[in-house]
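So the protein sequences, as listed, match chains A and B.
Position in the first sequence (from 1) plus 351 gives the number in my numbering.
Position in the second sequence (from 1) plus 351 gives the number in my numbering.
Quick reminder that beta carbons are idealized off the backbone N, C-alpha and C, glycines included.
Computed from a prediction, not measured in an experiment: that's the story for all the values here.
2 protein chains.
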Amino acid sequence: MLSQQVAVDRVFHALGDPTRRAIVEKLSHGPISVSVLAKPLDITLAAVVQHLQILEESGLVHTEKIGRVRTCRIEPKGLSVAEKWIEDRRSLWERRLDRLGALLTDPEE
Amino acid sequence: MLSQQVAVDRVFHALGDPTRRAIVEKLSHGPISVSVLAKPLDITLAAVVQHLQILEESGLVHTEKIGRVRTCRIEPKGLSVAEKWIEDRRSLWERRLDRLGALLTDPEE
DNA sequence: CTAATACTTAAGTTTCTACTTGACAATTAT
DNA sequence: ATAATTGTCAAGTAGAAACTTAAGTATTAG
Chain A
352 MLSQQVAVDR VFHALGDPTR RAIVEKLSHG PISVSVLAKP LDITLAAVVQ HLQILEESGL
412 VHTEKIGRVR TCRIEPKGLS VAEKWIEDRR SLWERRLDRL GALLTDPEE
Chain B
352 MLSQQVAVDR VFHALGDPTR RAIVEKLSHG PISVSVLAKP LDITLAAVVQ HLQILEESGL
412 VHTEKIGRVR TCRIEPKGLS VAEKWIEDRR SLWERRLDRL GALLTDPEE
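Written out as structure tokens, the structure is:
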């Protein structure tokens, strides 16, 4: 069971790179092979494969090799790790503002 | 007017670093000064200031100096840039699955 | 006035990351 | 069988990023 901390680290590290985000963007339109993925990205296929490894380890992408073709698709659970982290921060911040507002309009402590 | 593309790049780059995420986490509990922020992070104050510059340029954090103390607080708009990017990917992916499901259960094209 | 606090800035170091090259393996097409 | 396609792997390189050190500035406390 991978700690949530580590999962968050990996997901945000993965999304920190613009090329990897471009890959996720592409895959959000549907699954495609590694070479199709690589074509518009002006880096070598080997570099794309390295990005895919990071994306897969982070849980953002799932890949499956059939014959000589590896097909890649988005793993929505990966994205939700990042989404949850953000929402948690926001909710803490907003709760704090609420408490502060309550204290200002209704100062009974 | 900062292009949305650049904003997304900066925000995800900023969130890609664990120390900067720790800073955002701390700040989500309320505004604090640079030195208070630095205390639990075993890096020098200078390093923290450098992270804060990146966080501020990305729009995730706002700081204000009064006297000799710089107070830092979260800027929720920054987080929403990241949130929106994620939600956009997810919605594309889910729409695609819907179309696919419709085609399977109701194949009239 | 002096000392302590709270940063700020610049420069240098180290560590990490993305990328390339080149050789190779497996699968599919001719 | 041979060639083309699709991807894999390891090693090396260049540039970016994180961090430190050291010296300096502005503000506040004693």
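Range of the contiguous alpha helix (DSSP H) that encloses residue i
i	result
HIS364 (chain A)	355-366
HIS413 (chain A)	Where HIS413 (chain A) is concerned, there is no enclosing alpha helix (DSSP H), although the beta strand (DSSP E) it sits in stretches over 412-417.
ILE374 (chain A)	369-378
Sub-8 Å separation of residue i and residue j beta-carbons
i	j	result
VAL432 (chain A)	VAL357 (chain A)	no
LEU392 (chain B)	ALA373 (chain B)	yes
ILE437 (chain A)	LEU406 (chain B)	no
GLU434 (chain A)	GLU426 (chain B)	no
GLY367 (chain A)	GLY367 (chain B)	yes
Counted within 10 angstroms of its Cβ, other Cβ atoms place residue i as buried (16 or more) or exposed
i	result
SER354 (chain A)	exposed
LEU396 (chain B)	exposed
SER371 (chain B)	Residue 371 (chain B) is actually Arg in this sequence, not Ser. Buried.
Alpha carbon of residue i to alpha carbon of residue j, nearest angstrom
i	j	result
THR414 (chain B)	ILE417 (chain A)	52 Å
SER384 (chain A)	MET352 (chain A)	29 Å
VAL412 (chain B)	SER379 (chain B)	10 Å
ARG421 (chain A)	LEU388 (chain A)	11 Å
GLN404 (chain B)	LEU448 (chain A)	24 Å
CYS423 (chain A)	HIS402 (chain A)	12 Å
TRP444 (chain B)	LEU454 (chain A)	43 Å
ILE394 (chain A)	THR456 (chain B)	40 Å
GLU460 (chain A)	ASP360 (chain A)	A caution first: GLU460 (chain A) carries a pLDDT of 49, below 50, which makes its placement in the model unreliable, though a value can still be read off. In a straight line, the C-alpha of GLU460 (chain A) is about 40 Å away from that of ASP360 (chain A).
Reference residue i; option with closest CA among the options
i	options	result
VAL375 (chain B)	A:ASP449, A:ARG441, A:ARG450	A:ARG441
ARG419 (chain B)	B:SER386, B:GLY367, B:GLY381, B:LEU454	B:SER386
ARG450 (chain A)	B:GLU408, B:VAL359, B:VAL399, B:GLY381	B:GLY381
GLY410 (chain A)	A:LYS428, A:ALA398, A:LYS390	A:LYS428
PRO369 (chain A)	A:ASP439, A:VAL399, A:ASP360	A:VAL399
Residue range of the beta strand (DSSP E) that includes residue i
i	result
THR422 (chain A)	420-425
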